């Protein structure tokens, strides 16, 4: 078992609480008889600021965690309040009975987080108990710590594992998973919870995104078809994918007030029945369209947009006249309006951008 990141998942005691809660719900509510995706339909936060406290850690560690986690807030209309005072070098510390929305510790085993507002359920998470764990971050940061922060805060916002997407059948070798994970103290229930496919009743029912920060790079030995599995990826993802950004914005939109979880899910067939991310505005497609618009505005009809790395490609290397710049503005505005007809786009907003990715990020912020 080569891949250390297979360890991520709820501790057994938390799974027991989840199981007890769902049994209780099934006895009192027909919805409880469906699989777990139904419960997850109610896990988006209905507030715009989430308080975060820490049980342990020093200022430098917490400041680093906060800096990385805030990447989500560029695309989702929600903020994390870490209680950080840069002048005093202080942050919000965990206290007995702590009621912060997100409570992070470093002493328990593994990396895990409650999903969205599971953290508010007193049966699952009594006041003072942790809602997220980052084992030994306060002793030594793992080499992929930034990726882990983005992943766990994705869970905290309501995201689930991408390999559990209802739009892809990951051919996991469960017999091997049960055998290997039992050596780490995992129960069959833990394996099933973290690997079995979800039903299609949740918000994140989009086409499978192998680039998602919520996708793990499991060793080929854990798939029946090895490297041919649709869920096998060669290496970890270390940044938010364009699709992650789109769905974060759809879950917590900038252009609409927060209406509550029930409104977002129960009355939105467009989302709950979605079978393709293109219906929401395909993140990968939008990024490609922006790149293509910049190239075409410069008169370049030859270069394949997919060959461009937007994080390093300079706009000034392509757009060299005011006419070309005006053409770029017009094209970008049209693309944004395809995704959000009420968006307000101003040419001045794009004037200072230097690289392609800045234009792409701007477009995502408008949808």
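Numbering (this note's numbering), first residue to last: 158 to 524.
The beta-carbon is built from N, C-alpha and C at its ideal position, and this holds for glycine as well.
Bear in mind the structure is a predicted one, so any value in this text is a computation, not a measurement.
Subject >> DSSP-derived helix/strand/coil call for residue 103 >> reply: Residue coverage of the chain in this structure runs from 158 to 524, which leaves residue 103 outside it and unanswerable.
Original post:
Secondary structure at residue 302, three-state DSSP: helix, strand or coil?
Top reply: helix
**OP:** Out of 290, 266, 284, state which residue places its alpha-carbon closest to the alpha-carbon of residue 222.
**Re:** 290
**OP:** Let me know if residue 279 comes out buried or exposed under the rule of 16 or more other beta-carbons within 10 Å of its beta-carbon.
**Re:** exposed
**OP:** Measure the alpha-carbon distance for residue 510 versus residue 476 and round it to whole angstroms.
**Re:** 12 Å
**OP:** Determine the contact status of residue 201 and residue 350, defining contact as a CB-CB distance below 8 Å.
**Re:** no
**OP:** Please report the residue range of the alpha helix (DSSP H) in which residue 447 lies.
**Re:** 440 to 454
Original post:
Taking C-beta to C-beta, are residue 394 and residue 521 nearer than 8 Å?
Top reply: no
Original post:
Based on Cα-Cα distance, which residue from 387, 264, 409 lies nearest to residue 233?
Top reply: Looking at the Cα atoms, 409 is the closest of the given residues.
Subject >> Helix, strand or coil at residue 250 [DSSP, three-state] >> reply: In the three-state reduction of the DSSP assignment, residue 250 falls in the strand class, which pools E and B.
**OP:** Let me know the beta strand (DSSP E) ranges lying completely inside the stretch 309 to 343, each 3 residues or longer, listed in chain order.
**Re:** none
Subject >> Reduced DSSP secondary structure (H/G/I, E/B, other) of residue 400 >> reply: helix
Subject >> Cβ neighbour criterion (16 or more within 10 Å) applied to residue 245 >> reply: exposed
Subject >> Pick from 451, 391, 303 that is closest to residue 397, judged by C-alpha positions >> reply: 303
**OP:** Examine the Cβ distances between the stretch 479 to 492 and the stretch 445 to 457 and report whether three or more of them are shorter than 8 Å.
**Re:** yes
Original post:
Which term fits residue 438, buried or exposed, when burial requires 16 or more other beta carbons within 10 angstroms of its beta carbon?
Top reply: Annotation note: pLDDT 40 at residue 438 (below 50); position unreliable, coordinate value reported separately. Its Cβ being crowded by 16 or more others within 10 Å, residue 438 is buried.
**OP:** Could you check what DSSP says for residue 433 in three-state terms: helix, strand or coil?
**Re:** Residue placement at residue 433 is poorly supported in this model, since its pLDDT is 30, which falls under 50; the coordinates still yield a value, given next. In the structure shown, residue 433 sits in coil (DSSP, three-state: anything other than H, G, I, E or B).
Original post:
How would you call residue 210, buried or exposed, if buried means at least 16 neighbouring beta carbons within 10 angstroms?
Top reply: So residue 210 counts as buried.
Subject >> Nearest candidate by alpha-carbon position, reference residue 229, set 285, 371, 467 >> reply: 371
Original post:
Do you know offhand how far residue 285's Cα is from residue 219's?
Top reply: 19 Å
Original post:
Which two residues bound the contiguous alpha helix (DSSP H) that contains residue 219?
Top reply: 216 to 226
Original post:
What's the call for residue 188, buried or exposed, on a 16-neighbour Cβ count within 10 Å?
Top reply: Unreliable positioning characterises residue 188 in this predicted model, as indicated by a pLDDT of 38, which lies under 50. The coordinate reading is nonetheless provided below. By the 10 Å Cβ count, residue 188 comes out exposed.
**OP:** Tell me whether residue 489 is buried or exposed, calling it buried when 16 or more other Cβ atoms sit within 10 Å of its Cβ.
**Re:** With 16 or more Cβ atoms within 10 Å of its Cβ, residue 489 is classed as buried.
Subject >> Sequence-distant residues of the same chain with beta carbon closer than 7 Å to residue 416, five excluded per side >> reply: A caution first: residue 416 carries a pLDDT of 39, below 50, which makes its placement in the model unreliable, though a value can still be read off. Cβ neighbours of residue 416 beyond the five flanking positions: none.
Original post:
What does DSSP give as the partner residues of residue 260 in its beta bridges?
Top reply: 210
Original post:
DSSP puts residue 471 in a beta bridge; with which residues?
Top reply: 512
Original post:
Helix, strand or coil: how does DSSP classify residue 380 here?
Top reply: strand
**OP:** Give the secondary structure of residue 255 by DSSP, where H, G and I count as helix, E and B as strand, and everything else as coil.
**Re:** coil
Original post:
According to DSSP, what are the bridge partners of residue 270?
Top reply: In the DSSP assignment, residue 270 is bridged to 289.
Original post:
Ends of the alpha helix (DSSP H) at residue 352?
Top reply: 345 to 352
Subject >> Identified DSSP bridge partners for residue 238 >> reply: 208
Subject >> For residue 200, three-class secondary structure by DSSP >> reply: Of the three classes helix, strand and coil, the one that applies to residue 200 here is coil, per DSSP.
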